[in-house]
Amino acid sequence: GEAPIPPPTIPSIILENLPTFNLAFCFEERLRLLETSFNEYRQTNQFAHAVFAIPGIVHQYMDQQMKEAVREAVQIQTDQLQDSLQRENDEFLRNIDENMKNVLKGLVKTQVKEQVSHILPRVEEFVNATLEAEVLTRSLISVKLYIFKTQKY
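According to my numbering, the sequence shown holds residues 125 to 277 in order.
As structure tokens, then:
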């Protein structure tokens with residue numbers, strides 16, 4: 125076979141004039157552009173994150189508003205129910221009061237009748253005795269007057 129061919133030697137002057145890696149591929153410029161793009165992306169991403177957060181915020185706000193509206197509706201209903209129950213309770217108490225008055229009137233009438241039936245005979249006795257005494261007193265006075273007048277003549 126053939127002997128391997130050694131690579132050609134490149135004179136150092138040519139190597140010195142070759143562009144650097146940085147220069148050849150514009151590494152610094154590309155890195156700066158990439159950093160700028162990344163910063164823009166981060167800002168855009170923060171904006172996108174904020175935009176994507178809006179529905180959640182709106183949903184949370186609507187939930188809060190709905191809870192508040194339901195709470196107010198329940199409170200109004202509860203207040204109306206309490207008012208209604210209070211009116212019913214007041215009416216019930218008025219009826220009880222009226223019934224108690226009627227029962228007490230009946231009891232008082234009954235007791236008065238009983239007391240009168242016990243007292244009336246005593247009153248009649250007293251009145252009769254007083255009338256008898258009055259009649260006797262008048263009769264006595266009449267007799268005395270008669271005697272007085274007859275003795276004068």
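Even glycine gets a Cβ: it sits at the ideal position worked out from N, Cα and C.
According to the DSSP assignment, THR202 belongs to the alpha helix (DSSP H) that extends over 151-276.
If you draw a straight line from the Cα of LYS191 to the Cα of ALA197, it is about 10 Å long. Just so you know, the alpha carbons of GLN275 and ILE265 end up roughly 15 Å apart. Taking the CA atoms as reference points, SER208 sits about 24 Å from MET224. Cβ-Cβ distances below 7 Å link LEU205 to nothing in the same chain once the five nearest sequence neighbours on each side are left out.
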